[in-house]
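**Q**
Set out below in structure tokens:
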């Protein structure tokens, strides 16, 4: 017998701690003094400028001079916040992934079946990268981006998988190995699609295979992964040019 869904909302306390650590300090803390507010504004300008450059010219065009010129700040200002291009790239990726994580939690807030929650998250992770090739290639090619992916999305993924284990939905002997398989499979799926695989629905296929690996029967895994995918909600401050775009319901 399949899992019986209901419409009860998950307690906010289940998500609050994780969400707090997901969002960057510059977006969650209200600066108290004028100097602190200026520092926050400058950092946001730099990260936004770097995101625009990554979106338009790619990592090769991400120079300190280009970032500060686009941000309309002095070159020396860059080094008040970042020491290298890799550091600001990590900040861009972190902010985009943090935003995606918050939106995924908002989307699945009313879902109670961990299998459905994981399926939606997996499908949107694939779709966000495949629908925006630059974003997808950043995740696949840059080691700093892959580390941010694991550090930022990893806690949310582990939380939802653990809920599935506790609910008897998943059978996972080794959570560490399961997490490695998930991220390895996610990056491999994204790379395959960006390289021209042109699957009909790579996100659903990836989610189905992962649900099977987690112990769901084949037919149920297929049914859950084939449900209409609800769109990600928008966030009021989600205006980064490189952030994963919302995926419309299919």
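Residue numbers (UniProt numbering): 1 to 250. Ideal Cβ placement from N, Cα and C applies to all residues, glycine included.
Note the first and the last residue of the continuous alpha helix (DSSP H) segment covering residue 173.
**A** The sequence position of residue 173 within the chain shown is 173, counting from 1. No alpha helix (DSSP H) holds residue 173; DSSP gives it neither H nor E.
**Q** According to the neighbour-count rule (16 or more other Cβ atoms, all chains shown, within 10 Å of its Cβ), is residue 74 buried or exposed?
**A** One-based indexing of the chain shown puts residue 74 at position 74. Residue 74 counts as exposed, since fewer than 16 other beta carbons sit within 10 angstroms of its beta carbon.
**Q** I'd like the span of the alpha helix (DSSP H) that includes residue 36, first residue to last.
**A** Taking the chain shown and counting its residues from 1, one reaches residue 36 at position 36. Element bounds for residue 36: 34-56.
**Q** With distances taken from CA atoms, which of 180, 148, 168 is nearest residue 113?
**A** Stepping through the chain shown from its first residue, residue 113 is reached at position 113. The option with the nearest alpha carbon to residue 113 is 168.
**Q** Within 10 angstroms of the Cβ of residue 35, are there 16 or more other Cβ atoms? Answer buried if so, exposed if not.
**A** Locating residue 35 in the chain shown gives position 35, counting from the first residue. It counts as exposed.
**Q** Short of 6 Å in beta carbon distance, which residues of its chain neighbour residue 178, apart from the five on each side in sequence? Order them along the chain.
**A** As a first step, residue 178 must be located in the chain shown, where it is residue number 178. 172, listed in sequence order.
**Q** Taking the alpha carbon of residue 105 as the reference point, which residue from 218, 93, 124 has its own alpha carbon closest?
**A** Numbered from 1 along the chain shown, position 105 holds the residue referred to as residue 105. Nearest of 218, 93, 124 to residue 105, Cα basis: 124.
**Q** On the criterion of 16 or more Cβ atoms from any shown chain inside 10 Å, does residue 234 qualify as buried, or is it exposed?
**A** Within the chain shown, residue 234 is the residue found at index 234, counting from 1. Exposed, since its Cβ has fewer than 16 Cβ neighbours within 10 Å.
**Q** Helix, strand or coil for residue 119 per DSSP?
**A** For the purposes of this step, residue 119 is taken as residue 119 along the chain shown, with counting starting at 1. Of the three classes helix, strand and coil, the one that applies to residue 119 here is helix, per DSSP.
**Q** Let me know the secondary structure DSSP gives residue 150 once reduced to three states.
**A** Taking the first residue of the chain shown as 1, we reach residue 150 at position 150. The answer is helix: DSSP assigns residue 150 an H, G or I state.
**Q** Please classify residue 68 as buried or exposed, where buried requires at least 16 other C-beta atoms within 10 Å of its C-beta.
**A** Locating residue 68 in the chain shown gives position 68, counting from the first residue. Classification for residue 68: buried.
**Q** Apply the 10 Å Cβ neighbour rule to residue 101 and answer buried if 16 or more other Cβ atoms are within range, or exposed otherwise.
**A** As a working note, residue 101 is residue 101 in the chain shown. Residue 101 comes out buried.
**Q** Does residue 209 come out as helix, strand or coil in the three-state DSSP assignment?
**A** Position 209 of the chain shown, counted from the start, is the residue given in the question as residue 209. Residue state, collapsed to three classes: helix.
**Q** Within its chain, find whatever has a CB closer than 7 Å to the CB of residue 136; leave out the 5 residues flanking it on each side and keep chain order.
**A** If you number the chain shown from 1, residue 136 lands on position 136. The beta carbon of residue 136 lies closer than 7 Å to those of 129, 130, 190, 194 in the same chain, with the five residues before and after it left out.
**Q** Less than 7 Å between the C-beta atoms of residue 51 and residue 92, yes or no?
**A** Your numbering for residue 51 matches position 51 in the chain shown. Your numbering for residue 92 matches position 92 in the chain shown. The answer is yes: Cβ separation under 7 Å.
**Q** Mapping DSSP to helix, strand and coil, what is residue 182?
**A** By one-based count along the chain shown, residue 182 stands at place 182. DSSP places residue 182 in helix when its eight states are reduced to three.
**Q** Taking the straight line between their C-alpha atoms, what separation do you get for residue 138 and residue 54?
**A** As a working note, residue 138 is residue 138 in the chain shown. As a working note, residue 54 is residue 54 in the chain shown. Going from the Cα of residue 138 to the Cα of residue 54 covers about 9 Å.
**Q** Let me check understanding here. Comparing Cα to Cα, which of 205, 132, 108 lies closest to residue 157?
**A** Here residue 157 corresponds to residue number 157 of the chain shown, with the count starting at 1. Here the closest residue by C-alpha is 108.
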